[in-house]
Amino acid sequence: RSICRKRSALLDTRELLPLPGMLAYLLEKNREWWNVAVDLEFSVNFRFEGGGAVGNVYPLQSRPLVVHASPDDVTLPEVAPERTIVRSKQAMGNGSLDEIQSIIYVPLQMLDPLKSSRIAGQVGELARRVLERNRRFMLVGPGRWGTTNPYLGIPVVYAHIEGARVIVEVTWEDLMVEPSQGTHFFLNIATGRVMYLSVDLTRPDAALHRGWLDARPDAGGLPDVRLIELDKPVHVRVDGRSMEGIVYID
319 RSICRKRSAL LDTRELLPLP GMLAYLLEKN REWWNVAVDL EFSVNFRFEG
369 GGAVGNVYPL QSRPLVVHAS PDDVTLPEVA PERTIVRSKQ AMGNGSLDEI
419 QSIIYVPLQM LDPLKSSRIA GQVGELARRV LERNRRFMLV GPGRWGTTNP
469 YLGIPVVYAH IEGARVIVEV TWEDLMVEPS QGTHFFLNIA TGRVMYLSVD
519 LTRPDAALHR GWLDARPDAG GLPDVRLIEL DKPVHVRVDG RSMEGIVYID
C-alpha cells in the first residue's frame with residue numbers, strides 16, 4: 319500500500335507507489351518459498367482519497383518456472399514444398415521431434431459456435447485414444463486452441479490436449495485471429511516442451527499442406543475431427559531464436 323499526495327489526470331505509477339521495489343520483494347519472497355524462480359501475476363488498484371491517492375498491489379498467482387537444459391541450436395533444413403506439411407515464422411518452443419506418428423486434424427472451415435463445442439469433445443476423445451497407446455500427437459486446426467470464443471477457434475480445455483507435443487493454429491482471409499502467445503500460453507509451451515506453430519495463410523512465408531492432410535486415411539471415425547495415423551513419423555524442427563518452425567516428411 320502506498321499513498322501519494324499528488325493527484326494527476328495522467329497517473330504515473332512511480333508517483334503513486336514504488337511498484338518495481340514491491341515486485342522485486344514479492345519475487346524474492348516467492349523464490350524463497352518455492353526454492354525456484356517464479357512467474358508472478360498481480361493487479362494494482364488505485365483509489366483516490368481526499369487530495370491524494372492510495373495504491374494497492376495484489377498478488378494473484380505465482381507459478382514455479384520449470385527450466386530445461388538448453389538444447390543444441392536447431393537448423394531448419396531446406397525441404398521441398400511437396401514434403402512440407404507446416405511452415406511458420408511465428409513459432410515457439412525449441413528443438414527437434416522425430417517420433418510423432420499421430421495427427422489430430424480439424425479440417426479448415428468457418429467456425430460455427432455450436433459445432434466448435436462439439437469439435438472440442440471429439441478432439442478430447444481422439445487424444446484419449448492416442449494417449450492410451452502411449453503416444454503423443456500433433457494438433458492441427460483453425461483459429462485459436464483453447465479460446466473461450468467459439469467463433470475464433472476450438473474451445474478445448476487442457477485435459478483435451480494434454481498429450482499434444484506439437485500445436486498448429488491456422489488462420490486465413492476469412493478467419494484472422496491473433497496467435498495464442500499470451501503469458502499463460504507461453505508458460506505452458508515452455509514448461510511442457512511443446513512446439514507451437516502459428517500459420518497465417520495470407521503470408522507468403524507460411525504453408526500448410528492441406529492436400530496431404532486431407533488425403534490421409536481417417537482412423538478416428540468421428541464426424542468433425544480426423545485422426546491420422548502414420549507408418550513413419552513426421553519431423554519437427556523449431557528454432558526458438560528465429561521463431562521459425564517446420565514439419566515435414568521423408
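Following my numbering, the numbering of the sequence shown begins with 319 at its first residue and continues without gaps. All C-beta atoms, glycine included, are put in the ideal place defined by N, C-alpha and C. Computed from a predicted structure; not experimentally measured.
- When DSSP assignments are scanned along the stretch 430-461, the uninterrupted stretches of beta strand (DSSP E) that are 3 or more residues long and fall wholly within it turn out to be 455-460.
- Between the stretch 516-528 and the stretch 540-558 there are fewer than three inter-stretch CB-CB distances shorter than 8 Å, so the stretches are not counted as touching.
- Between the alpha carbons of H478 and S516 lies a gap of roughly 19 Å.
- One alpha carbon belongs to G461, the other to I485, and they sit about 11 Å apart.
- Apart from the 5 residues on each side of it in sequence, P395 sits with its Cβ closer than 8 Å to the Cβ of R555, I564, Y566 in its chain, given in chain order.
- The three-state secondary structure of G339, taken from DSSP, is helix.
- With a contact defined as Cβ atoms closer than 8 Å, Y423 and V458 qualify at about 5 Å.
- When secondary structure is reduced to three states using DSSP, P399 falls in the helix class.
- Counting of Cβ neighbours within 10 angstroms places A371 among the buried residues, the total reaching 16 or more.
- When DSSP states are grouped into helix, strand and coil, G538 belongs to the coil group.
- With 16 or more other CB atoms across the displayed protein chains lying within 10 angstroms of its CB, S434 is buried.
- Minimum Cα-Cα distance from R447 among the listed residues G539, P535, V488 corresponds to G539.
- Y476 sits in a helix when the DSSP states are folded into three classes.
- By the criterion of a C-beta distance shorter than 7 Å, D416 is surrounded in its chain by P551, H553, once the five residues flanking it on both sides are discounted.
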